[in-house]
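Protein chains: 2
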Amino acid sequence: MSEQSAMDEATYLQQYDPKQFDSPLVTVDAALFTYHDGVLKVLLVERASHPELGKWGLPGGFIDVHRVADLTQAINGVIEDKTGITAPYLEQLASYGNNRRDKRGWSVTVSYTALMAYQACEARIATVADAQWVDVAQLPEMTLAFDHMTIIEAGRERLKQKALYSIVPAYALAEEFTFPELQHLHELLIGKPLQKRSFRRRIEQANLLEDTGKFRKDAGRPAILYRLAAGAEQYRFVRNLED
Amino acid sequence: MSEQSAMDEATYLQQYDPKQFDSPLVTVDAALFTYHDGVLKVLLVERASHPELGKWGLPGGFIDVHRVADLTQAINGVIEDKTGITAPYLEQLASYGNNRRDKRGWSVTVSYTALMAYQACEARIATVADAQWVDVAQLPEMTLAFDHMTIIEAGRERLKQKALYSIVPAYALAEEFTFPELQHLHELLIGKPLQKRSFRRRIEQANLLEDTGKFRKDAGRPAILYRLAAGAEQYRFVRNLED
DNA sequence: TTTTAATAGTGACCTTATGTCACTAATATG
DNA sequence: CATATTAGTGACATAAGGTCACTATTAAAA
């Protein structure tokens, strides 16, 4: 038995000093994606503070243990503070931690991702010079802060899986959208063209879209406008082996 | 412009004090599973230190920023120190962080999971009273430390997906195994019986098993012993939409 | 007004994956 | 040598997805 186990827990907790050893820094970061102007965009902020001053990166920041009670509050608060965006639903992506990713020292970031309908963003605090939705096609020419490019790639990989097996990408569209729009978004996420017949069929089979009765008219035949039905987020395009 | 951006980065980093504010505690935890004696087991340790002294929980611990360079090193080191187990391949599961899960304060844990061939374990350090592979069927009667039950459930959910769509569970078996063994493990993970004809077919189609030419003889007709071929970990049982 | 280009949506047939279950195969036991 | 037991296959049915030519509906050009 160690000495420690001889004392009772209350005493132990009273004497416990969280700063007795060097803990990693902890941040949260979010890779938020939307579909706007016919392209896939990711929300970035221009840093106005050290380190990586002047670079663009994901909205994120340290966890303020006195302000928030859990990770979800932390990430939502940071996104709203830095970009004015309220993210509807965040999915945890992965955590990255090592002694190299941040010059300030050993750091861990818990990353989140989401697909959301487009909404305007704005820089809201002094540490952010600008906030913009950036076309992912422009990313190869950019040098992002920290390992944020890696996080964005992980987010896109996750979205790709969703595009292959679900209609979650519909959440990146406006409330009412057409099949061709949805298909185009899926093609952007997957990176290759899809057969429209197959695409329609599997979505129709799932019965997750409601016909609004309205049409979008551009060039050619007008397209039927749909909206998502309830429960759409769970549907996966794979045979249900669990019945 | 903030005052901070007026100074150069080197000066900023020199003056930066990681203890200037209260950062969450950071731990890593692993839910390791194996198949042994015909049941699914998870590796647990009995805590010999506060808090949660005396309870069983996942092997894990604080990140020692002076000893390890990244999260992977951290989790592998902790597992080996506490249980004597060397985990072959760890997959990151999720991170859990809030101000309630650990009485010592706001804490974040980065959790990992793995399926591995059975190997003996042992308590190796003073803070661990015992280390055991525990049948998951016994978990409902146990009260685990912290939120470790939640992490185990998340791990099992991940394994269930793998059992549905891959042959990754084969990594929890011995090097040579039979189809009936593999099927039984999949059934344990999924929680319901599978049709042996379908099960065999999709695994055979994938061409990821090698016939060893040997047989396992018990009651009834002997079963062919197979081993995993290279590349097996990537295979997923879904139509490949990406060709 | 008619024609044409453009885009949306469907019909029909094909291939592949999976479900089902009865059947055969190979062993141990008595 | 008969029987129980477990492993493995044959064969047909259903369901999902791939392919592509066809029809439908609009705007704009002729």
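Protein chains in written order, with our numbering: chain A, -6 to 236; chain B, -6 to 236. Where is the CB? At the ideal position from N, CA and C, for every residue including glycine.
key: Beta-carbon gap between Leu64(B) and Ala24(B) smaller than 7 Å   = At a Cβ-Cβ threshold of 7 Å, Leu64(B) and Ala24(B) do not count as neighbours.
query = Could you check where the beta strand (DSSP E) with Val71(B) kicks off and where it finishes?
reply = From DSSP, Val71(B) is part of no beta strand (DSSP E) but of the alpha helix (DSSP H) over 64 to 76.
key: Glu134(A) and Ala124(A) closer than 7 Å at C-beta   = No. Outside cutoff.
task = Would you kindly report the start and end of the unbroken alpha helix (DSSP H) that includes Leu181(B)?
result = For Leu181(B), the uninterrupted alpha helix (DSSP H) run begins and ends at 172 to 183, by DSSP.
inquiry  = Given a cut-off of 7 Å on the beta-carbon distance, is the pair Ala41(A) and Thr136(A) in contact?
reply    = No.
query = Counting along the chain, where does the alpha helix (DSSP H) carrying Gly148(B) start and finish?
reply = Residues 141 to 158.
ask   = Are the region 79 to 91 of chain A and the region 166 to 184 of chain A in contact at 8 Å, needing three or more beta carbon pairs?
value = Flag = no, the region 79 to 91 of chain A and the region 166 to 184 of chain A do not touch.
inquiry  = Rounding to the nearest angstrom, what Cα-Cα distance links Lys155(B) and Leu181(B) in this structure?
reply    = Cα to Cα, Lys155(B) sits roughly 12 Å from Leu181(B).
key: Nearest candidate by alpha-carbon position, reference Phe208(A), set Phe172(A), Phe14(A), Tyr111(A), Val58(A)   = With distances taken between Cα atoms, Phe208(A) lies closest to Phe172(A).
message = Using beta carbons (cut-off 7 Å, strictly below), is Glu2(A) in contact with chain B?
response = True, the Cβ-Cβ gap to chain B drops below 7 Å.
key: Rounded straight-line distance, which links the Cα of Lys185(A) to that of Ser191(A)   = Straight-line Cα distance between these residues: approximately 14 Å.
query = Taking Cβ-Cβ distances shorter than 9 Å, what residues in chain A pair up with Tyr9(B)?
reply = Simply His43, Pro44, Lys96, Arg97, Gly98.
inquiry  = If we define contact as Cβ-Cβ less than 7 Å, is Gln154(B) a contact residue for chain A?
reply    = Judged by the 7 Å Cβ criterion, Gln154(B) is not in contact with chain A.
ask   = Using CA coordinates, which residue listed in Val21(B), Asp22(B), Arg97(B), Asp74(B) is at the minimum distance from Ala3(A)?
value = Nearest C-alpha to Ala3(A): Arg97(B).
key: Proximity winner among Tyr105(A), Ser104(A), Met0(A), Tyr111(A), relative to Val32(A) (alpha-carbon distances)   = The shortest Cα separation from Val32(A) among Tyr105(A), Ser104(A), Met0(A), Tyr111(A) belongs to Tyr111(A).
inquiry  = If we define contact as Cβ-Cβ less than 7 Å, is Pro17(B) a contact residue for chain A?
reply    = Cβ-Cβ to chain A under 7 Å: yes for Pro17(B).
key: Assigned exposure category for Arg93(A) - 16 Cβ within 10 Å defines buried   = Arg93(A) is exposed by the Cβ-count criterion.
request  = Within the same chain, show all residues whose beta-carbon is closer than 8 Å to that of Lys153(B), passing over the 5 residues directly before and after it, in chain order.
outcome  = Hits under 8 Å: Leu182, Ile183, Gly184.
task = Compile a chain-ordered list of the residues in the region 157 to 170 of chain B whose CB is closer than 8 Å to at least one CB of chain A.
result = Under the 8 Å Cβ criterion, the region 157 to 170 of chain B contributes Leu157, Tyr158.
task = Could you work out which residues of chain B lie near Lys12(A), taking near to mean beta carbons separated by less than 7 Å?
result = Within chain B, the residues near Lys12(A) are Lys12.
task = Quick one: grab the DSSP three-state call for Glu169(A).
result = Residue state for Glu169(A) is assigned as coil, using DSSP reduced to three classes.
query = At a Cβ threshold of 7 Å, is Gly148(A) touching chain B?
reply = Residue contact check for Gly148(A) against chain B: no CB pair falls below 7 Å.
task = Flag Asn91(A) as yes if its beta-carbon sits less than 7 Å from any beta-carbon of chain B, otherwise no.
result = With 7 Å as the cut-off, Asn91(A) counts as an interface residue toward chain B.
request  = Just confirm the distance between the C-beta atoms of Leu221(B) and Tyr28(B), as a whole number of angstroms; I'd bet it's less than 8 Å.
outcome  = The Cβ separation is near 14 Å, so there is no contact.
task = Identify every residue that forms a DSSP beta bridge with Lys34(B).
result = Bridge pairing for Lys34(B): Thr27(B), Asp128(B) [DSSP].
inquiry  = For Ile68(B), which residues in the same chain have their Cβ closer than 7 Å to its Cβ, ignoring the five residues on either side in sequence?
reply    = Val21, Ala23, Leu83, Tyr105, listed in sequence order.
inquiry  = Please report the distance separating the alpha-carbon of Phe55(B) from that of Leu18(B).
reply    = Taken atom to atom, the span from the alpha-carbon of Phe55(B) to that of Leu18(B) is near 8 Å.
query = Measuring CB to CB, does Leu218(B) end up less than 7 Å from Glu169(B)?
reply = Taking a C-beta distance under 7 Å as the contact criterion, Leu218(B) and Glu169(B) qualify as a contact pair.
key: Amino acids of chain B, ordered along the chain, whose beta-carbon sits closer than 8 Å to that of Tyr5(A)   = Those within 8 Å of Tyr5(A) in chain B are His43, Pro44.
task = Give me the Cα-Cα distance between Glu150(A) and Lys210(B), rounded to the nearest whole angstrom.
result = Going by the C-alpha atoms only, they are around 45 Å apart.
Residue from Arg117(B), Asp140(B), Trp126(B) whose Cα sits closest to the Cα of Gly77(B) = Checking every option, the nearest Cα to that of Gly77(B) belongs to Arg117(B).
key: C-beta neighbour in chain A for Ile56(B), strict 7 Å   = Taking Cβ atoms only, chain A reaches closer than 7 Å to Ile56(B), which makes this a yes.
ask   = Any beta-carbon of chain B closer than 7 Å to the one on Ala(-1)(A)?
value = Not an interface residue.
query = Hey, how far is the Cα of Asn200(B) from the Cα of Ile160(B)?
reply = Those two C-alpha atoms are separated by around 11 Å.
query = Using 7 Å as the limit for Cβ to Cβ distance, is Val38(A) near chain B?
reply = By this cut-off, Val38(A) is not an interface position.
request  = Note down, in chain order, all residues in the region 62 to 91 of chain B with a beta-carbon under 7 Å from any beta-carbon belonging to chain A.
outcome  = Residues Ala62, Asp63, Leu64, Gln85, Ala87, Ser88, Gly90, Asn91.
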